[in-house]
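*Asks:* The opening position of the sequence shown corresponds to residue 17 in the numbering used here, with each subsequent residue numbered one higher.
Shown below is the structure under consideration.
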Amino acid sequence: MPPSSSGHLALPSLLHVPCPGPPWSMLPPDQAGLAPSRDRVGSVNTVAQDPIALKIAATSVNVAPVQGSCARAGCSPSLPPGRSALPRRLSPPRDDHHPDSSAAAFCMHFPVCSRFSLALRCNFDETRLALEARNNALEKLQQSMLEKEQMLEQIQRSMQSAEEKRHASVSELSAKHRKQLESLEAQLAEVSAERTKASKTIQSLQMVLAEKDSKITGIEAASTGEAARLKATLEEIKGELTHLKDQHEKERQSWEAECESLREKLEALESARFRSEIESAKFRNQLESELSTQNQLLQNKDSDLISAKEEISRLESEFSAYKIRAHALLQRKDAELSAAQNSDVLKAHEEAIREAEKEVAAALEERDEAIQDLQVAQCRHSEEIEARDLGLAELDKKLKNVMKKLDYVTSQFLSEKESWEKKLASVEESWRLKCESMKGQSNGHVEDHLQKNLGEWTLKYEKLKEEHESFRDISDRMIEEKEREIAKLLNANKDLHHSLEAKAAVSPMEPKKDAVKPNFRTPPKCTNIGSISCPVKYFQRASK
């Protein structure tokens, strides 16, 4: 209830409390003639039913002194020593010639009404300014929410662009793999054609060898010296063949060592990838646990705020009940004091009034304590909301770092894959050239050895092809796993966005709590009790 301009509180609750009867019904029999007639009582009742007249009467109780009000209301100036002047304040003037005495009383109290309207206008301006401040705060909060939503939309757009880039890179890699497979198949077809050609040449060479053997037998028969010379040349060719075998064995060992080192590097890369996956899973679990703990803390704080609001509403209801009871008690005590003449009874009533004032003061202290608790809870809640925003910002930064690490790992993996493919192509090209050189160096004496070497090279080629296929399967599997991780991170980001939208409903509650503050920040002085106790002091002076 806002204070009036004169420093006193308005008393609608006092005037609306039902009284046991009119105040002049408690007069003694010898003063019954001073009570108003039935038509005057009716006019008093009409004044009591009109809220404007009631407010004017209440303000006149707080402003005008007792003796002057009795003179203006039309009461007789000579009152008996135990008579109260307060009930006569609401009674119309005793005028039998003018029936509209209530209108006259209203006109007499018109200056008080103007002062009351000025007080109401001042209170209305104060509340309007407070509401404008709260509306400005609400607009600022809405603007900050819009900025956060725009930031989230920008993040989603960047993630979509990154995903499109990743899809484009995957499609390019698949096209490269297809081209390489086609080239390998073409090379295999060429090798098979060359093999058929080599078999045909071997058959022709065998025929040539048979012809040469026939010639050699003829030559041996003709000349033994020529046979000895041919034996010497054969021994020289055998020595060259052994030398070539040793060279080929050394080259084979070197290539096997290189393949072994490549395989070890591939295993090391796979172990590093597994370690990075384990670390990312641990980090993701840690982030999820932190999110769950923060959500639980927010729920606990929300429940604490709800309980604090309920406690404040309960205290307000108790305070209003205390106020109503105190006003009723004071009115009842005033009525009893107007009818009582014994000084002992007056003292008892004064003690009861003091007790009522103490109860009202205690209720006001409880209300102030509740207001302070509410302000402390609001400050704590704002600090917790700031801490939550900081935690969410840190989580966003961590998610961005994780995404950057994943992109770096995938790019590194793709670069290593391309380097391995280039090395494999170079190895295949070198072996193909060596095979062609060996075919060019082949002659009729080393056909069986060349056939064996060709079989070994084909086996090695098949092994290398199998290793390439296994490496490609591993790379495809790793790419699929990275895609799953990216999808999980996107889902986690969506969950974070939904949780932010759900928790954003807590912030609009703060202006409503702030709207209650102007009524409780400066508790009004309970001056109406002192204004009601003024007639009691008048009775004491009259009795003395």
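C-beta: ideal position from N, C-alpha, C; glycine also.
Kindly indicate which residue of Met419, Glu385, Glu169, Ser187 has the alpha-carbon position closest to the one of Ile293.
*Replies:* Note that residue 293 corresponds to Glu in the displayed sequence, not to Ile. Comparing Cα positions, the closest option is Met419.
*Asks:* Please determine, among Asp489, Gly407, Lys438, the residue with the shortest C-alpha to C-alpha distance to Leu512.
*Replies:* Gly407
*Asks:* Hey, out of His259, Glu276, Leu390, whose CA is closest to Glu327's CA?
*Replies:* Leu390
*Asks:* Between the C-alpha atoms of Ser190 and Lys213, what's the straight-line distance to the nearest angstrom?
*Replies:* 34 Å
*Asks:* Is the segment 487 to 501 touching the segment 393 to 404 in the sense that three or more CB pairs, one from each, lie closer than 8 Å?
*Replies:* no
*Asks:* I need the straight-line Cα distance from Lys156 to Glu163, nearest angstrom please.
*Replies:* The alpha-carbon atoms of Lys156 and Glu163 are separated by roughly 11 Å.
*Asks:* Compare the C-alpha of Glu334 against each of Glu445, Glu367, Lys374, Ala379 and name the closest.
*Replies:* Ala379
*Asks:* For Gln347, count neighbouring C-beta atoms within 10 Å of its own C-beta (all shown protein chains included) and say buried if the count is 16 or more, exposed if not.
*Replies:* Per the 10 Å Cβ criterion, buried.
*Asks:* Less than 8 Å separating the beta-carbons of Ala342 and Val392?
*Replies:* no
*Asks:* Should Ile369 go down as buried or exposed, given a rule of 16 or more other Cβ atoms within 10 Å for buried?
*Replies:* buried
*Asks:* For Leu260 and Glu252, what's the separation of their Cα atoms in angstroms?
*Replies:* 12 Å
*Asks:* Look at Leu313 and Lys519 and say whether their C-beta atoms are less than 8 Å apart.
*Replies:* no
*Asks:* Using the Cα positions of Asp46 and Tyr338, report the straight-line distance between them to the nearest angstrom.
*Replies:* Summary for Asp46: the model assigns pLDDT 46, below 50, so the residue's position carries little reliability, and this model does not support an answer.
*Asks:* For Ser486, tell me which candidate among Lys433, Asp229, Asn152 has the shortest Cα-Cα distance.
*Replies:* Lys433
*Asks:* Can you grab the Cα-Cα spacing for the pair Ala344 / Glu382, in whole Å?
*Replies:* 21 Å
*Asks:* Per DSSP, what kind of secondary structure is Tyr477 in: helix, strand or coil?
*Replies:* helix
*Asks:* Measure the alpha-carbon distance for Leu257 versus Lys231 and round it to whole angstroms.
*Replies:* 24 Å
*Asks:* Would you report the Cα separation of Trp271 and Gln172, rounded to the nearest angstrom?
*Replies:* 50 Å
*Asks:* Beta-carbon separation of Ser296 and Glu497 under 8 Å?
*Replies:* no
*Asks:* For Ala202 and Lys195, what's the separation of their Cα atoms in angstroms?
*Replies:* 10 Å
*Asks:* When you compare only the Cα positions, how much space is there between Ala441 and Ser305?
*Replies:* 48 Å
*Asks:* With 16 as the cutoff for other CB atoms within 10 Å, does Ala351 come out buried or exposed?
*Replies:* Here Ala351 is buried. Its C-beta has 16 or more other C-beta atoms within 10 Å.
*Asks:* Going straight from the alpha carbon of Arg144 to that of Arg131, what length do you get?
*Replies:* Distance between the alpha carbons of Arg144 and Arg131: 20 Å.
*Asks:* Assuming Leu415 contacts Asn316 under a Cβ cut-off of 8 Å, what Cβ separation, rounded to an integer in Å, is found between them?
*Replies:* Contact doesn't hold; Cβ gap of about 25 Å is too wide.
*Asks:* What three-state label does DSSP hand Asp112 in the structure shown?
*Replies:* Only weak support exists for where Asp112 lies, its pLDDT of 44 falling under 50; the coordinates are left without a value.
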